[in-house]
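Student: Take a look at this one; I'll ask things after.
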Amino acid sequence: MKTLTTFYILLGLFLVSCQQKPIEVSNEPSTVTTLQEVLYKSLEVDGLQIAYREAGNPKNPTIVLLHGFPSSSHQYRKVLATLSDEYHLIAPDYPGFGNSDFPTSEEYDYTFDNLALTIDRFLEKKGLNEYAIMVQDYGAPVGFRIATAHPERITAIINQNGNAYEEGLGDAWQPIRELWADRNPTTENALLPVFSLDGLKWQYTHGTRNPETVNPDTWNLDYLRLSRPNAHKVNIDLFYDYQNNIKLYPKWQQYLREFQPPLLLVWGKNDAFFPESGATAFKKDVKNIDYNVYDTGHFALEEDGDAIIKKMRLFMNQVIK
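Taking this note's numbering, the leading residue of the sequence shown gets 1, the next gets one more, and so forth.
What follows is the structure, encoded as structure tokens:
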């Protein structure tokens, strides 16, 4: 009973103190940054469901995040989680990648022309007519096709190991060059180790300072997707078609010279596919370059994501706002 009485006495004293010192409610806006949650959505494009991740307020400037091989929009998870306070972020999965539909090669022509066309139509269906693009690996041939088709829509380019120059093709391309020279069972089979678990892990960890900084979910997710029926054939089709990207390099370089889009380079210099020479080459054609090279590999966001994302924010704030 004494305990209960003491409780009521303390409660009464607390209420009296609240009356004597009313709580003040500030009308000043909060300085706490609220990140938008990442939404996992899909949109039908020409009969295919294109999966994508979206974050941020659509009223803010948009950045379209274009992924590489063998990944998906998953590779941009850090960007989506960090920059959605200031930017509207869209990260689609190409057909056959990530959570998008995976039609057979008889149902869908797996070329970079077609991937770019599908993503271009996706962006149009989303009602996007002005956006920056972030490209990496396969994201470069997709993104530069869209940029040259609609230069007026591109506000800026963020490039993380997305090549557009012949001098940017590294030694790791040799087996694919042999495929280009003569596509046959021998040159195709020589590429099969790329799809193995060890081969995929190598792509993420080669050239990193500390492989333990790379989340193993990355290559394990890719391995599951590349283990689906027909996945090897579809991706060898894309390896073979990559030679057509090289034929378009002069067109992309002309676009850069003519339109001079603000360009942020955040390049992993130890990339066996696209070494630092690929980054340096952009200096020939673009005047407004924020040039940054990191001591890491092909997927630079994995090891140096914090530094790269900070650089992205500064760059976008300077060129867009």
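Glycine included, every Cβ here is placed at the ideal spot set by N, Cα and C.
(1) Mapping the DSSP letters down to three states, classify His88 as helix, strand or coil.
(2) Report the partner residues of Gln49 according to the DSSP bridge assignment.
(3) Measuring only the C-alpha atoms, how far is Arg145 from Leu200?
(4) What's the C-alpha gap between Gln260 and Lys287?
(5) Roughly how many angstroms separate the alpha carbons of Glu166 and Pro229, rounded to a whole number?
(6) Can you give the Cα-Cα distance for Leu238 and Ile119, rounded to whole angstroms?
(7) How is the beta strand (DSSP E) around Ile63 delimited, first residue to last?
(8) Going by DSSP, which residues form a beta bridge with Arg172?
(9) For Leu197, which residues in the same chain have their Cβ closer than 6 Å to its Cβ, ignoring the five residues on either side in sequence?
(10) Can you tell me where the beta strand (DSSP E) holding Val135 begins and where it ends?
(11) Here's a check: name, in chain order, each residue in its chain whose Cβ is nearer than 8 Å to the Cβ of Thr410, leaving out the five neighbours to either side.
(12) Grab me the residues of Val135's own chain with a C-beta within less than 6 Å of its C-beta, minus the 5 sequence neighbours each way, in chain order.
(13) Quick check on this structure: which residue in Leu314, Trp252, Ile308, Lys41 has the alpha carbon closest to the alpha carbon of Pro151?
(14) Among residues of its own chain, excluding the 5 on either side of Val234, which ones have a beta-carbon nearer than 7 Å to its beta-carbon?
(15) Rounded to whole angstroms, what is the Cα-Cα separation between Ala91 and Glu178?
(16) So, using beta-carbon positions, are Thr112 and Asp241 closer together than 8 Å?
(17) Could you check if Tyr40 is buried or exposed, using at least 16 other CB atoms within 10 Å of its CB as the buried criterion?
(18) For a test of the three-state rule: what should DSSP assign to Asp241, helix, strand or coil?
(19) Candidates Tyr94, Gln174, Ala300, Glu188: which alpha carbon is nearest Asn270's?
(20) Can you tell me which residues form a DSSP beta bridge with Trp267?
(21) Sort Arg257, Asp295, Asn99, Lys78 by Cα distance to Pro275 and report the nearest one.
(22) Go ahead and pull the three-state DSSP assignment for Ala164.
(23) Sorted by chain position, which residues of the same chain lie with C-beta nearer than 6 Å to Thr213's C-beta, five sequence neighbours on each side aside?
(24) First and last residue of the beta strand (DSSP E) that includes Ile119?
(25) Reducing DSSP to helix, strand and coil, say where Glu54 ends up.
Tutor: Reading off the structure:
(1) What you label residue 88 is simply residue 88 of the sequence shown in a count that begins at 1. Strand at His88.
(2) Along the sequence shown, read from residue 1 onward, the residue named residue 49 stands at position 49. Note: Gln49 sits in a beta bridge opposite Glu44.
(3) Position 145 of the sequence shown holds residue 145. Position 200 of the sequence shown holds residue 200. Looking at the two C-alpha atoms, the distance is approximately 27 Å.
(4) Counting from one through the sequence shown, the residue named residue 260 turns up at place 260. Counting from one through the sequence shown, the residue named residue 287 turns up at place 287. CA-CA distance, Gln260 to Lys287, rounds to 7 Å.
(5) Looking up residue 166 in the sequence shown gives position 166. Looking up residue 229 in the sequence shown gives position 229. One C-alpha to the other measures close to 33 Å.
(6) Within the sequence shown, the letter at position 238 stands for residue 238. Within the sequence shown, the letter at position 119 stands for residue 119. One C-alpha to the other measures close to 16 Å.
(7) Residue mapping note: residue 63 aligns to position 63 of the sequence shown, counting from 1. 62-66 is the extent of the beta strand (DSSP E) around Ile63.
(8) Position 172 of the sequence shown holds residue 172. At residue 172 the sequence reads Ala, which differs from the Arg that was named. Answer by DSSP bridge pairing: none, since Ala172 is not bridged.
(9) Locating residue 197 in the sequence shown gives position 197, counting from the first residue. Within the same chain, Leu197 has close Cβ partners Tyr223.
(10) As a position in the sequence shown, residue 135 is number 135, starting the count at 1. Annotation: the continuous beta strand (DSSP E) that includes Val135 extends over 131-135.
(11) Summary: the structure shown does not reach residue 410, with the chain confined to residues 1 through 321, and so no result is reported for it.
(12) One-based indexing of the sequence shown puts residue 135 at position 135. Cβ neighbours of Val135 beyond the five flanking positions: Leu66, Gly143, Asn159, Gly162.
(13) Counting from 1 along the sequence shown, the entry for residue 151 is found at position 151. Comparing Cα-Cα distances from Pro151 to each of Leu314, Trp252, Ile308, Lys41, the minimum goes to Trp252.
(14) One-based indexing of the sequence shown puts residue 234 at position 234. Excluding five sequence positions before and after Val234, the CB atoms of its chain that fall closer than 7 Å to its own CB belong to Gly96, Ser105, Tyr110, given in chain order.
(15) For the purposes of this step, residue 91 is identified with residue 91 of the sequence shown, where counting begins at 1. For the purposes of this step, residue 178 is identified with residue 178 of the sequence shown, where counting begins at 1. Cα to Cα, Ala91 sits roughly 33 Å from Glu178.
(16) Here residue 112 corresponds to residue number 112 of the sequence shown, with the count starting at 1. Here residue 241 corresponds to residue number 241 of the sequence shown, with the count starting at 1. Reading off the sequence shown, one finds Phe at residue 112, where the question assumed Thr. A contact, by the Cβ cut-off of 8 Å.
(17) Position 40 of the sequence shown, counted from the first residue, corresponds to residue 40. It is exposed - the Cβ of Tyr40 has fewer than 16 other Cβ atoms within 10 Å.
(18) Position 241 of the sequence shown holds residue 241. In the three-state reduction of the DSSP assignment, Asp241 falls in the helix class.
(19) The residue given as residue 270 occupies position 270 in the sequence shown. Looking at Tyr94, Gln174, Ala300, Glu188, the one whose alpha-carbon comes closest to that of Asn270 is Ala300.
(20) In the sequence shown, the residue the question calls residue 267 occupies position 267. Answer is Val293.
(21) What you label residue 275 is simply residue 275 of the sequence shown in a count that begins at 1. For the set Arg257, Asp295, Asn99, Lys78, the Cα lying nearest the Cα of Pro275 is the one of Asp295.
(22) As a working note, residue 164 is residue 164 in the sequence shown. Ala164 sits in coil when the DSSP states are folded into three classes, being neither helix nor strand.
(23) The residue you call residue 213 lines up with position 213 of the sequence shown. Hits under 6 Å: Glu303.
(24) Taking the sequence shown and counting its residues from 1, one reaches residue 119 at position 119. Not the beta strand (DSSP E): Ile119 falls in the alpha helix (DSSP H), residues 112-125.
(25) Within the sequence shown, the letter at position 54 stands for residue 54. DSSP places Glu54 in strand when its eight states are reduced to three.
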